[in-house]
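Q:
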Amino acid sequence: MAKVIGIDLGTTNSCVSVLEGGKPIVISSSEGGRTTPSIVGFGKSGEHLVGQLAKRQAVTNAENSVYSIKRFIGRRWDETATERSRVPYTCVKGRDETVDVKIRHREYTPQEISAMILQKLKADAETFLGEPVTQAVITVPAYFTDAQRQATKDGGTIAGLEVLRIINEPTAAALAYGLDKLDQDQLILVFDLGGGTFDVSVLQLGNGVFEVKATSGNNHLGGDDFDNVIVRWMVENFKAKEGINLTQDKMALQRLREAAEKAKIELSSMVATPINLPFITADETGPKHLEMELSRAKFEELSRELINATLEPVKQALKDSDLKPEDIDRILLVGGSTRIPAVQDAIKGFFNGKATDRSVNPDEAVALGAAIQAGVLGGEVEDVLLLDVTPLSLGIETLGEVFTKIIERNTTIPTSKSQVFSTATDGQTSVEIHVLQGERAMARDNKSLGKFLLTGIPPAPRGVPQIEVTFEIDVNGILKVAATDRGTGKEQSIVITNTGGLSPAEVERMRREAEDYADQDRRRMELVQLKNQADSLLYNYESTIKDHGELISTNLQAQGLKEQADQQKQHLDTIMTEPSIEVEEVKEAIETLQKTVLEIGGIIYATASLGSDPEFITSDETVQESNSNDSTQIEPDAVGEFVVDFEDETLEVDVDYEAVDYGNSSLKDR
């Protein structure tokens, strides 16, 4: 049975894992890392790099390097002004007022960018497993909206993956923690501070059942925000000292971001760290260098508001689950940003000194949990049941622009609930169903998920028709809404797919394009390898001609082969500079030159080993030595070999070693 992989599709880093022998393991990337940077870099010819390779070129190619795409997926243009102001690449309005990314002359949806990252993870998994991978479980922040979940699922489809389940990140982390503790009863609080999102979930673990009691979070708080406070501090200090605003320079800004992330990481184990960026910019007086020192105390001062903001969702999750801090048995820290000492101190202080549990790797726990869920779905893991919840209330707009909830937040999913409504005016023959998600009393203050029209209602006084509205949430947290006129039985429904206006046909088109891109990328990589092989061959050929030029010049056959090789070398040099060269053409040119070079090498070797007149010795000739008693013929393949007849007792050989007597033991055994 084919393996199902688990994927943590993160804002800054992603991770893939699989179940092996009943235990989840992380699959390393082709570059050797256990996580993969969630970055896609685009070259001039349209090719793209993903992961560590993309991160390396991000400084010099900032405007064509896309990161933090998770902050835009499934969201509207007017919701993302702050996020758009922080990235060096160009964002444009997509269909349905969503956010697309413009690279040179082409626009990409967040789903397509996510698919490129997922393709990289899929390829790494296939290399590790040695078999095709077609199915996956993908995690999302617990506070992701319905639109963001559907968009993430579309990204998986475009990448060529059947997404069996979308699960919440803190829930996945709890699975990773509790797999070997199924017989224990525990209340667990998962504190998940990732690169771009923050989630808190309270779970009850007992008898193999993982039941989410409540979840809360902030989709706009993560490690990136801690980086940004350091960037702002560096920009302000540099401007005060040099009078230059570095935010106007995209390359400088990218260098600042990388330096800020490095400083943040170092301050988890050091009390101060130097920040040195030579040649960060220049003016009429010459180049400018950035040299600063950031202390842990200063960093904590800069990020105090962010740290305090992490405690509000903790309070909300405890309140929703009707628990006190002392009721929690285990506090799991997940996400790289939980390594920040001030964050750990804040949590410890809130829970009255209770120690946090670091038994799971913060960077890998979510992916490991996804692999466990994949094992549950694939039948590899038994006696584990996951009961997740919907993070936000769902409902419709009713008379007076009021938000009427149909499914309350923290309701266990899958679920289905209905309510009956009526018309607002006499003779009304249609009603608009406006689906919303949120916790505010007024419809305009909540997130709109979509609208649809139920028509064909027979005219009647207001309040008489009965319209039943049903909300149904599946195991992925994706919503379907239906409205039925009880009088006529007429029904209209909508699956909320407000993810950027992507229809199933468009998702399929993007999937095919992604496959084509993958083929193109494979051919590009093959071409790079062939060009490297060609460079090595040309170097070896030139070295051979240089080292044995005199010997070749005295051999008629070698001279003829050299002329052929020179022509073949010129042809190979020419085609390697052509931008539209085909792999097969380079292969053929390399093989042709390689064959000629080997023939020249054979002549050189034969001539040198025999020490004879080179003009009359070729690799095709038979060399004979005769005497009056016998004649021994040396075949071409044996030229230069030293042949000894061990049966000839008269043969004498001078040696400079002593014989060793092995007795009766066999030499073969030695």
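Residues in the sequence shown are numbered consecutively from 0, following numbering that gives the first Met the number 0. Positions of the beta carbon are idealized from the N, C-alpha and C atoms, including for glycine.
Between Q593, K545, S579, which has its C-alpha nearest K568's C-alpha?
A: Checking every option, the nearest Cα to that of K568 belongs to Q593.
Q: Taking C-alpha atoms, which residue in N275, K479, V375 lies nearest to S415?
A: Of the listed residues, the one whose Cα sits closest to S415 is K479.
Q: Just tell me which of S37, D565, I589 has its CA closest to the CA of Q51.
A: Of the listed residues, the one whose Cα sits closest to Q51 is S37.
Q: Using 10 angstroms around the beta-carbon of R148, count the other beta-carbons present and answer buried if the total reaches 16, otherwise exposed.
A: Burial call: buried.
Q: Would you tell me roughly how many angstroms separate the C-alpha atoms of M269 and Q343, rounded to the nearest one?
A: Computed Cα separation, rounded: 15 Å.
Q: Within a Cβ cutoff of 6 Å, which residues of the same chain sit near E598, ignoring the five residues on either side of it in sequence?
A: Contacts found: L560.
Q: Pick out the complete beta strand (DSSP E) segments inside the region 88-115, 3 residues or longer, and give them in chain order.
A: Correct list: 89-92, 98-102, 105-107.
Q: Identify whether H570 lies in helix, strand or coil by the three-state DSSP scheme.
A: H570 falls in the helix class under three-state DSSP.
Q: Whole-angstrom Cβ separation of I432 and L453, contact assumed at under 8 Å?
A: Sure, about 6 Å apart at Cβ, within 8 Å.
Q: Is it true that the CB of A366 sits closer than 7 Å to the CB of G21?
A: Not in contact: G21 and A366 (Cβ atoms no closer than 7 Å).
Q: So the beta strand (DSSP E) P286 belongs to, where does it begin and stop?
A: 285-294 is the span of the beta strand (DSSP E), which, as asked, contains P286.
Q: So, with DSSP's three-state summary, where would you put V234?
A: Helix at V234.
Q: Do H341 and L220 have their C-beta atoms closer together than 7 Å?
A: The sequence shown places Ala at residue 341, rather than the His named in the question. No; because the gap between Cβ atoms is not below 7 Å, this pair is not in contact.
Q: Helix, strand or coil for M250 per DSSP?
A: The answer is helix: DSSP assigns M250 an H, G or I state.
Q: Any heavy atom of the ligand PLP closer than 6 Å to the CB of V419?
A: Absence of the ligand PLP from the depicted structure is noted, as is the absence of any ligand whatsoever, leaving it without description.
Q: Quick one: measure Cβ to Cβ for D362 and C90, integer angstroms, because I've assumed they're closer than 8 Å.
A: No, D362 and C90 are not in contact; Cβ-Cβ is about 28 Å, not under 8 Å.
Q: Would you kindly work out how many angstroms separate the C-alpha atoms of N206 and K180, rounded to a whole number?
A: Their backbone Cα atoms lie some 9 Å apart in a straight line.
Q: Is R94 buried or exposed, if buried means 16 or more other CB atoms sit within 10 Å of its CB?
A: It is exposed - the Cβ of R94 has fewer than 16 other Cβ atoms within 10 Å.
Q: Which residues in the same chain have their Cβ closer than 6 Å to the Cβ of L705, if we skip the five residues on either side of it in sequence?
A: This structure leaves residue 705 out entirely; the chain is present only between 0 and 669.
Q: Could you give the first and the last residue of the continuous beta strand (DSSP E) run that contains I456?
A: First-last for I456: undefined, no H or E at that position.
Q: Identify every run of the beta strand (DSSP E) within the region 6-83, keeping only runs that are complete inside it and at least 3 residues long; order them along the chain.
A: Counting only runs of 3 or more, we get 12-19, 22-25, 38-41, 47-49, 64-66.
Q: Once you ignore the five residues that flank R33 on each side, which residues in its own chain have a CB closer than 8 Å to its CB?
A: Only C14, V25, S27, D362, E363 meet the Cβ criterion.
Q: Quick check: G437 and N445, are their CB atoms within less than 7 Å of each other?
A: Contact flag set, yes.
Q: First and last residue of the alpha helix (DSSP H) that includes K347?
A: Here the alpha helix (DSSP H) through K347 covers 340-349.
Q: Classify A369 as buried or exposed, calling it buried when 16 or more other Cβ atoms lie within 10 Å of its own Cβ.
A: Result: buried.
Q: What does a CB cutoff of less than 7 Å around T403 pick up in its chain, not counting 5 residues either side in sequence?
A: Taken in chain order, the residues that qualify are G394, I395, T397.
Q: Identify, in the order they occur along the chain, each residue of the same chain with its Cβ nearer than 6 Å to the Cβ of A114, setting aside the five sequence neighbours on each side.
A: Around A114: G154, I157, A158, A513.
Q: Considering only the beta carbon of each residue, do A150 and G73 sit closer than 7 Å?
A: Contact flag set, yes.
Q: Just to confirm, are E525 and V582 a CB contact at a threshold of 7 Å?
A: Yes, the pair counts as a contact, with Cβ atoms nearer than the cut-off.
Q: Can you name, in chain order, every residue of its own chain whose Cβ lies under 8 Å from the Cβ of M575, other than the five neighbours on each side?
A: Result list for M575: K530, A533, V585, in chain order.
Q: Please report how far the alpha carbon of I551 lies from the alpha carbon of I544, in whole angstroms.
A: Approximately 8 Å between the Cα atoms of the pair.
Q: Cβ of E257 within 7 Å of Cβ of K287?
A: Against a cut-off of 7 Å, the Cβ pair of K287 and E257 comes out as no contact.
Q: Between the region 269-278 and the region 100-115, do at least 3 Cβ pairs fall closer than 8 Å?
A: The region 269-278, when compared against the region 100-115, does not touch it at the 8 Å Cβ threshold.
Q: Should I137 and L8 be called a contact, given that it needs their Cβ atoms to be closer than 7 Å?
A: Yes, they are a contact pair.
Q: Let me make sure I understand the geometry here. Which of N236, L255, V17, K2 has the alpha-carbon closest to that of V59?
A: Inspection of the sequence shows that residue 59 is occupied by Thr rather than by Val. For the residues N236, L255, V17, K2, the minimum Cα distance to T59 belongs to L255.
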